[in-house]
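Structure first, commentary second.
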Ligand SMILES: CC(C)(COP(=O)(O)OP(=O)(O)OC[C@H]1O[C@@H](n2cnc3c(N)ncnc32)[C@H](O)[C@@H]1OP(=O)(O)O)[C@@H](O)C(=O)NCCC(=O)NCCS
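In the working numbering, the protein residues as written are 1 to 183.
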């Protein structure tokens with residue numbers, strides 16, 4: 001789905017004066033049938049969705065979607081075996097909400113769903129990785145939700161292309177630290 005189509009689709013389902021109590025947000029595991037609308041999230045989501053659905057089918061992850069009127073507006077990936085450097089428990093990655101709907105509690109709902117699923121499976125620790133300099137605001141948000149920094153060294157999580165101020169694509173190094181919550 002093109003960006004224009006996505007925007008007009010969103011505009012048609014969201015009232016002009018929406019706020020969270022009027023937004024009916026559904027959090028559930030992704031299904032094959034979501035592939036038709038998953039590009040609502042971001043242009044490269046369909047590629048990732050295939051891999052994530054496969055990992056979900058093989059029992060490694062739960063690929064959570066937040067949906068408004070059946071349109072995906074957010075994601076979270078619960079890994080049953082930690083993918084951070086904290087070896088215990090489960091981990092969460094790819095927490096994301098479309099920019100138009102940030103700050104409305106949807107990210108918190110996705111994260112709380114991950115916590116409830118992990119707790120329900122008898123898991124006691126949930127960890128996640130965040131960039132403490134470029135994503136400082138989100139690090140504080142996780143800390144408010146009970147995640148603590150055990151003081152590990154930052155490590156290079158990934159390098160991906162990003163546009164600089166001149167609009168040129170340059171490699172961006174994502175240096176992260178792990179945070180952990182006792183469930
Ligand atoms: C982090 C994120 C998933 C939170 O989802 P959300 O639905 O906006 O979050 P909630 O409404 O539940 O909670 C509000 C918090 O989200 C973050 N947030 C809210 N609006 C934001 C925005 N426009 N830009 C960046 N972060 C924002 C803030 O930390 C905010 O807390 P604060 O206002 O006290 O600083 C979402 O902002 C996002 O997709 N950010 C970009 C991707 C990202 O950084 N993911 C985390 C990787 S570790």
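For each residue, glycine too, the CB sits at the ideal point set by N, CA and C. Remember, it's a predicted structure, so these values are computed and weren't measured experimentally.
Reduced DSSP secondary structure (H/G/I, E/B, other) of residue i
i: residue 163; result: strand
i: residue 75; result: strand
i: residue 150; result: coil
i: residue 111; result: helix
i: residue 117; result: helix
i: residue 81; result: coil
i: residue 101; result: helix
i: residue 143; result: helix
i: residue 124; result: coil
Within 9 Å, strictly: CB atoms of residue i and residue j
i: residue 127; j: residue 84; result: yes
i: residue 86; j: residue 152; result: yes
i: residue 161; j: residue 173; result: no
i: residue 236; j: residue 92; result: Because the chain here runs from 1 to 183, residue 236 falls outside it and cannot be looked at.
i: residue 138; j: residue 155; result: no
i: residue 80; j: residue 123; result: yes
i: residue 40; j: residue 49; result: no
i: residue 38; j: residue 72; result: yes
i: residue 125; j: residue 88; result: yes
i: residue 186; j: residue 144; result: This structure cannot settle anything about residue 186, because the visible part of the chain is limited to 1 through 183.
Closest residue to residue i among the options (Cα-Cα distance)
i: residue 117; options: 154, 90, 44, 38; result: 90
i: residue 68; options: 156, 111, 23; result: 23
i: residue 64; options: 183, 131, 108; result: 108
i: residue 77; options: 100, 53, 99; result: 53
i: residue 60; options: 46, 132, 29, 47; result: 29
i: residue 135; options: 55, 50, 95; result: 95
i: residue 149; options: 48, 132, 163, 31; result: 132
i: residue 140; options: 165, 39, 179, 157; result: 179
i: residue 66; options: 119, 181, 104, 144; result: 104
i: residue 100; options: 42, 46, 57, 58; result: 42
i: residue 157; options: 163, 130, 47, 102; result: 130
Buried versus exposed, by CB contacts within 10 Å (16 or more), residue i
i: residue 3; result: Only weak support exists for where residue 3 lies, its pLDDT of 45 falling under 50; the coordinates are left without a value.
i: residue 26; result: exposed
i: residue 159; result: exposed
i: residue 70; result: exposed
i: residue 44; result: exposed
i: residue 165; result: exposed
i: residue 113; result: buried
i: residue 121; result: exposed
Alpha helix (DSSP H) segments (min. 4 residues) lying fully within the stretch 21 to 64:
Counting only runs of at least 4 residues, the stretch 21 to 64 fully encloses the following alpha helix (DSSP H) elements, listed from N- to C-terminal order: 45 to 57.
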